[in-house]
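Peer 1: First, the structure itself, so that you have it in front of you.
There are 2 protein chains.
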Amino acid sequence: MIHGMYSPRITALEVHDVRFPTSRALDGSDAMHPDPDYSAAYAVVRTSAADGHTGHGFAFTIGRGNEVQAAAIEALAPLVVGRPVDETLADPGGLSRELVHDSQLRWLGPEKGVIHMATGAVINAMWDLKAKRTGQPVWQLLAEMSPQDLVDLVDFRYLADVLRPDEALAILEATQPGRAERAARLRSEGYPAYTTTPGWLGYTDDKLRRLCKQAVEQGFGQLKLKIGRDVTEDVRRLTIAREVCGPIMRIAVDANQRFEVDEAIEWIQALAPYDVWWVEEPTSPDDILGYAAIARAVDPIPLAAGEHVPNRVVFKQLLQLGALSYLQLDATRVAGVNENVAILLLAAKFGVPVCPHAGGVGLCELVQHLAMFDYVAVSGSLDRRAVEYVDHLHEHFVDPVVLRDGRYRAPTAAGFSSTMRPESLVRYSYPGGEAWTEGG
Amino acid sequence: MIHGMYSPRITALEVHDVRFPTSRALDGSDAMHPDPDYSAAYAVVRTSAADGHTGHGFAFTIGRGNEVQAAAIEALAPLVVGRPVDETLADPGGLSRELVHDSQLRWLGPEKGVIHMATGAVINAMWDLKAKRTGQPVWQLLAEMSPQDLVDLVDFRYLADVLRPDEALAILEATQPGRAERAARLRSEGYPAYTTTPGWLGYTDDKLRRLCKQAVEQGFGQLKLKIGRDVTEDVRRLTIAREVCGPIMRIAVDANQRFEVDEAIEWIQALAPYDVWWVEEPTSPDDILGYAAIARAVDPIPLAAGEHVPNRVVFKQLLQLGALSYLQLDATRVAGVNENVAILLLAAKFGVPVCPHAGGVGLCELVQHLAMFDYVAVSGSLDRRAVEYVDHLHEHFVDPVVLRDGRYRAPTAAGFSSTMRPESLVRYSYPGGEAWTEGG
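In structure tokens, the structure reads:
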């Protein structure tokens with residue numbers, strides 16, 4: 028194995044606990060999370076390759092416990108450090124299966140919560156590294172892979188009753204012909220975004236009004252309001268938003284898991300006259316049957332969920348029951364790009380549009396790649412699709428998202444847009460960084 | 028608040044990473060976990076009270092990642108340390124709700140995986156402390172609480188469509204009359220156990236035969252074999268066990284999440300002629316619809332699950348669909364005693380017997396209390412009920428389980444039987460303890 032001895036290796040998995048004191052301004056306040064401090068358990072993969080590239084990934088959390096998330100990423104270091112770079116990056120499906128199904132670590136999930144998000148952070152960091160080495164943004168790297176290579180990324184375990192590899196291949200082959208035109212259209216027109224910036228519960232009516240007006244001016248076709256504290260308040264805020272935005276704007280609402288099943292049905296029915304585009308997370312993200320019951324009862328009002336759906340197996344069931352009209356994948360909740368490719372394929376199989384969850388810190392940066400890949404190579408459609416956008420914390424990234432006329436511009440820089448500015452890593456390091464020691 | 032200043036406080040939440048090198052003997056090997064090192068992220072609650080009692084709880088893991096679990100328990104310390112002891116122990120329902128729904132930590136689950144198990148460890152430690160202070164074993168402490176006080180322990184969030192507080196109260200009131208006789212019967216006869224000791228995949232046929240014989244001699248009425256590596260091998264092992272044990276022994280099998288849905292149906296049907304008492308964990312513990320499909324297809328062969336079911340919301344759905352014939356709650360997977368009271372009530376509502384998961388390290392010690400409480404005060408029945416028993420690692424506990432004639436003797440010592448011997452905490456401390464530095 029002379030070759031192996033000299034081939035570049037992964038030399039380190041470096042972990043940072045980075046937190047932004049967002050709770051000070053009530054940014055991000057919703058019915059269940061009144062005071063989040065947007066945070067990232069941030070991973071950097073280093074190698075001995077001469078190119079000097081590093082791979083960056085992270086798990087998003089909302090403050091307390093980010094150190095637990097960081098510890099979970101560290102627990103994966105022995106599974107990654109020492110691997111040959113070229114071979115590892117050549118088989119991301121194999122890497123993903125090894126990390127997800129580690130016979131001892133899986134007990135901590137299995138495939139859910141802290142350990143699963145940590146796996147996602149590491150897998151996403153490897154995709155960032157792979158894309159940097161090929162000189163492409165991740166969306167394009169994925170969109171240029173052959174259908175068979177894409178199928179090989181996917182862990183089909185527990186999906187066989189709904190999606191087999193041959194079906195996945197057929198979905199990808201059906202979309203293959205139009206890839207080049209769609210990529211070109213994406214580069215010229217961008218991908219639709221919707222904004223949650225106006226919608227936080229902690230904001231005053233004046234601030235809501237001002238931000239709604241801004242959303243219209245910025246060209247957004249959809250916005251989202253948080254609901255669930257008080258139904259009268261929700262109606263008032265919906266009315267304000269509709270007044271300011273006019274009849275064309277799509278207005279979605281988000282309950283952030285606030286309701287019991289029957290309560291959700293009543294609450295949503297009370298909002299029915301106000302022309303709601305979708306209702307997001309009406310109840311526990313684990314309550315698949317609850318979602319189905321709510322969806323049936325409030326039909327035709329569509330439900331959306333995904334940011335807290337732990338893995339492809341739960342998405343599978345939500346789709347099997349027809350409980351979701353919009354699937355909101357999250358870049359850092361599941362086991363990274365690979366599991367999200369599985370989720371995109373499941374959504375395509377059921378004809379459900381994917382409208383990724385974003386916001387937080389860095390989530391917009393990541394999910395834009397997945398949505399664009401979906402458009403070019405999986406669903407082939409922009410119909411009823413939009414990626415969430417929140418105007419927070421983008422300045423901390425080397426390659427931040429670019430919005431124009433309410434649309435995400437297609438990233439052109441190599442990688443996953445996941446690299447945080449080194450000075451931000453230092454300043455927002457918790458608890459020692461200046462942002463925390465100086466109180467701002 | 029002069030009173031408050033002098034009232035005893037919780038002064039520390041101490042955390043230990045304890046691991047036993049069980050993989051060296053292939054104890055605990057199954058289809059998904061070939062080489063576990065049984066471990067505990069172990070919590071000790073200390074107070075300033077003059078009685079000197081400490082509360083002990085833990086989350087069970089199988090080795091790698093136990094440090095992540097320990098970090099999660101540490102993350103809960105700020106929510107616990109400094110609290111007044113008396114008030115906190117007087118309202119365990121309130122404490123449980125505060126810990127489970129912490130608005131930032133919940134993002135790490137919600138209510139699943141590492142953070143949820145950590146919450147369980149702390150809540151169980153508080154129950155151990157509470158029971159030590161009242162001088163009772165936990166099963167008895169619970170079994171002597173009024174129906175209303177038991178209802179107040181439960182977090183009914185996301186259960187309203189299936190179990191309301193008034194229904195829970197009615198279940199408990201209906202069972203109240205016979206409590207004293209059942210407690211007396213428990214003290215004299217113990218609670219039925221079943222043994223998994225013979226069943227690990229890593230054992231030879233000779234060892235299987237010897238351990239089956241031993242199980243009969245020890246008076247067990249039920250045993251369990253691991254399956255799922257090879258159906259011919261499973262049939263051979265089932266045949267051996269039946270040969271050795273005779274026709275009366277209940278023989279359950281456990282697939283440890285090994286199968287796809289359709290594969291599970293075929294595999295189970297192949298085992299149908301061999302008189303299987305239940306089939307445990309045929310597929311992903313998240314696949315509620317998959318369980319329901321398997322249950323329908325293999326009817327009347329009963330399914331069992333629970334050790335990886337993350338919370339009461341998932342149990343609720345498995346029960347709603349009639350997918351489980353046996354509910355195997357786990358003492359350290361969910362948020363401790365409080366959530367397990369909810370799960371016992373759900374099972375009672377659906378008339379499904381609870382046969383707790385145990386084994387590992389310390390799980391037998393904990394779950395015996397929950398099963399005995401269920402018998403005395405919730406279900407009121409021993410019919411088709413048995414607590415798992417594995418003959419491993421009990422020697423590390425101050426108040427280990429006592430088996431006689433295949434039955435758990437009712438614990439009499441105060442507490443939750445969760446206190447590990449101090450010398451074991453030192454010797455098996457990872458990575459510095461002698462068990463690890465000396466290789467045995």
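Line by line, the protein sequences give chains A and B. Numbering-wise, this note's numbering puts 166 at position 139 of the first sequence, and it's gapless, one number per residue. Numbering-wise, this note's numbering puts 149 at position 122 of the second sequence, and it's gapless, one number per residue. All C-beta atoms, glycine included, are put in the ideal place defined by N, C-alpha and C. For clarity, every value in this text was computed on a predicted model and none was experimentally measured.
Against chain B, with Cβ distances strictly below 8 Å, would Asp432 of chain A count as a contact?
Peer 2: Chain B, which has no Cβ nearer than 8 Å to the Cβ of Asp432 of chain A, makes this no.
Peer 1: From the DSSP output, in three-state form, read off Glu450 of chain B for me.
Peer 2: In this structure, Glu450 of chain B counts as helix in the three-state DSSP scheme.
Peer 1: Please return the same chain residues whose Cβ sits closer than 8 Å to the Cβ of Ser311 of chain A, not counting the five positions on each side in sequence.
Peer 2: Hits under 8 Å: Gln284, Gly317.
Peer 1: Please confirm whether Thr88 of chain A has its beta-carbon closer than 8 Å to some beta-carbon of chain B.
Peer 2: For Thr88 of chain A, the answer is yes, since a Cβ of chain B falls inside 8 Å of its Cβ.
Peer 1: Which residues mark the beginning and the end of the beta strand (DSSP E) in which Tyr416 of chain B is found?
Peer 2: Run containing Tyr416 of chain B: 414-416, per the beta strand (DSSP E) assignment.
Peer 1: What residues in the segment 167-199 of chain B have a beta carbon less than 7 Å from any beta carbon of chain A?
Peer 2: Residues Tyr185, Ala187, Asp188.
Peer 1: Just how far apart, CA to CA, sit Glu260 of chain A and Gly273 of chain A?
Peer 2: So the two alpha carbons sit approximately 20 Å from each other.
Peer 1: For the segment 342-358 of chain B, list every residue whose C-beta sits within 8 Å of some C-beta in chain A, in sequence order.
Peer 2: Taking 8 Å as the Cβ-Cβ cut-off against chain A, the residues of the segment 342-358 of chain B that qualify are Lys343, Gln344, Gln347, Leu348.
Peer 1: What residues from chain B crowd round Glu94 of chain A, counting only those whose CB sits closer than 7 Å?
Peer 2: Going along chain B in sequence order, the residues near Glu94 of chain A (Cβ under 7 Å) are Ala98, Ala102.
Peer 1: So with Cβ pairs under 8 Å, would you call Thr222 of chain A a contact of chain B?
Peer 2: It does not: the Cβ of Thr222 of chain A has no partner Cβ on chain B nearer than 8 Å.
Peer 1: In chain order, what residues of the same chain lie with their CB nearer than 7 Å to the CB of Arg209 of chain B, ignoring the 5 residues before and after it?
Peer 2: Excluding sequence neighbours, Arg209 of chain B sits near Tyr402, Val403, Gly407.
Peer 1: Quick check: what's the CA-CA separation for Leu199 of chain B versus Phe183 of chain B?
Peer 2: Roughly 15 Å separates the two Cα atoms.
Peer 1: Scan the segment 275-288 of chain A for residues whose Cβ lies nearer than 8 Å to a Cβ of chain B and list them as they occur along the chain.
Peer 2: So the close ones are Gln284, Glu287, Val288.
Peer 1: For Val288 of chain B, which option in B:Ser456, B:Val303, B:Pro137, B:Asp313 has the closest C-alpha, if you only look at C-alpha atoms?
Peer 2: Val288 of chain B has its Cα closest to that of B:Asp313, out of B:Ser456, B:Val303, B:Pro137, B:Asp313.
Peer 1: Relative to the C-alpha of Val243 of chain B, which candidate in B:Val258, B:Pro225, B:Ile254 has its C-alpha closest?
Peer 2: Nearest option by C-alpha distance: B:Pro225.
Peer 1: Looking at Glu94 of chain A and Ala98 of chain B, is the spacing between their C-beta atoms short of 8 Å?
Peer 2: Taking 8 Å as the Cβ cut-off, Ala98 of chain B and Glu94 of chain A qualify as a contacting pair.
Peer 1: Assign Ile321 of chain A to one of two classes, buried (16 or more other C-beta atoms within 10 Å of its C-beta) or exposed (fewer than that).
Peer 2: Buried: at least 16 other Cβ atoms inside 10 Å.
Peer 1: Which class does Glu41 of chain B belong to by DSSP, given the choice of helix, strand or coil?
Peer 2: Here Glu41 of chain B sits in strand by DSSP.
Peer 1: Give the C-beta separation of Arg448 of chain A and Val425 of chain A to the nearest angstrom, bearing in mind that I take them to be a contact with Cβ-Cβ under 8 Å.
Peer 2: With a Cβ gap of about 6 Å, Arg448 of chain A and Val425 of chain A count as contacting.
Peer 1: Would Arg124 of chain A count as contacting chain B if we go by Cβ distances under 8 Å?
Peer 2: By this cut-off, Arg124 of chain A is not an interface position.
Peer 1: Check this for me: beta carbons of Tyr221 of chain B and Tyr416 of chain B, under 8 Å apart or not?
Peer 2: Closer than 8 Å, so yes.
Peer 1: So the beta strand (DSSP E) Phe87 of chain A belongs to, where does it begin and stop?
Peer 2: Here the beta strand (DSSP E) through Phe87 of chain A covers 82-88.
Peer 1: What did DSSP end up calling Glu307 of chain A once you bin it into helix, strand or coil?
Peer 2: Residue state, collapsed to three classes: strand.
Peer 1: Any beta-carbon of chain A closer than 8 Å to the one on Gly468 of chain B?
Peer 2: Given a span of 28 to 467 for chain B in the structure shown, any question on residue 468 of chain B remains unanswerable.
Peer 1: In the DSSP assignment, the alpha helix (DSSP H) including Ile292 of chain A goes from what residue to what residue?
Peer 2: First-last of the alpha helix (DSSP H) with Ile292 of chain A: 288-298.
Peer 1: Straight-line CA distance for Ser47 of chain B to Ala68 of chain B?
Peer 2: With the sequence shown as reference, residue 47 of chain B is identified as Phe, and Ser is not the correct amino acid for it. Going by the C-alpha atoms only, they are around 12 Å apart.
Peer 1: Name, in chain order, the residues that DSSP records as bridge partners for Arg431 of chain B.
Peer 2: DSSP lists B:Arg434 as partners of Arg431 of chain B.
Peer 1: Determine the extent of the alpha helix (DSSP H) in which Gln249 of chain A is found, giving its start and end residues.
Peer 2: First-last for Gln249 of chain A: 249-253, but that is the beta strand (DSSP E), not the alpha helix (DSSP H).
Peer 1: In chain order, what residues of the same chain lie with their CB nearer than 6 Å to the CB of Thr115 of chain B, ignoring the 5 residues before and after it?
Peer 2: Closer than 6 Å at the Cβ level, and outside the excluded window around Thr115 of chain B, lie Leu122.
Peer 1: Beta-carbon of Val306 of chain A versus every beta-carbon of chain B: anything under 8 Å?
Peer 2: Not an interface residue.
Peer 1: At what residues does the beta strand (DSSP E) containing Pro219 of chain A begin and finish?
Peer 2: Per DSSP, Pro219 of chain A belongs to the beta strand (DSSP E) from 218-222.
Peer 1: Terminal residues of the continuous beta strand (DSSP E) containing Asp281 of chain A?
Peer 2: 277-281 is the extent of the beta strand (DSSP E) around Asp281 of chain A.
Peer 1: Need the endpoints of the alpha helix (DSSP H) that Thr74 of chain B sits in, please.
Peer 2: Here Thr74 of chain B belongs to no alpha helix (DSSP H); instead the beta strand (DSSP E) covers 66-74.
Peer 1: Just the C-alpha distance for Lys376 of chain B and Glu366 of chain B, rounded to the nearest angstrom, thanks.
Peer 2: Distance between the alpha carbons of Lys376 of chain B and Glu366 of chain B: 15 Å.
Peer 1: Among the candidates A:Ala291, A:Tyr301, A:Pro337, whose CA atom is the shortest distance from the CA of Ala187 of chain B?
Peer 2: That would be A:Ala291, whose Cα lies nearest to the Cα of Ala187 of chain B.
Peer 1: If you follow the alpha helix (DSSP H) that Ala197 of chain A is part of, which residue opens it and which one closes it?
Peer 2: From DSSP, the alpha helix (DSSP H) with Ala197 of chain A extends over 192-202.
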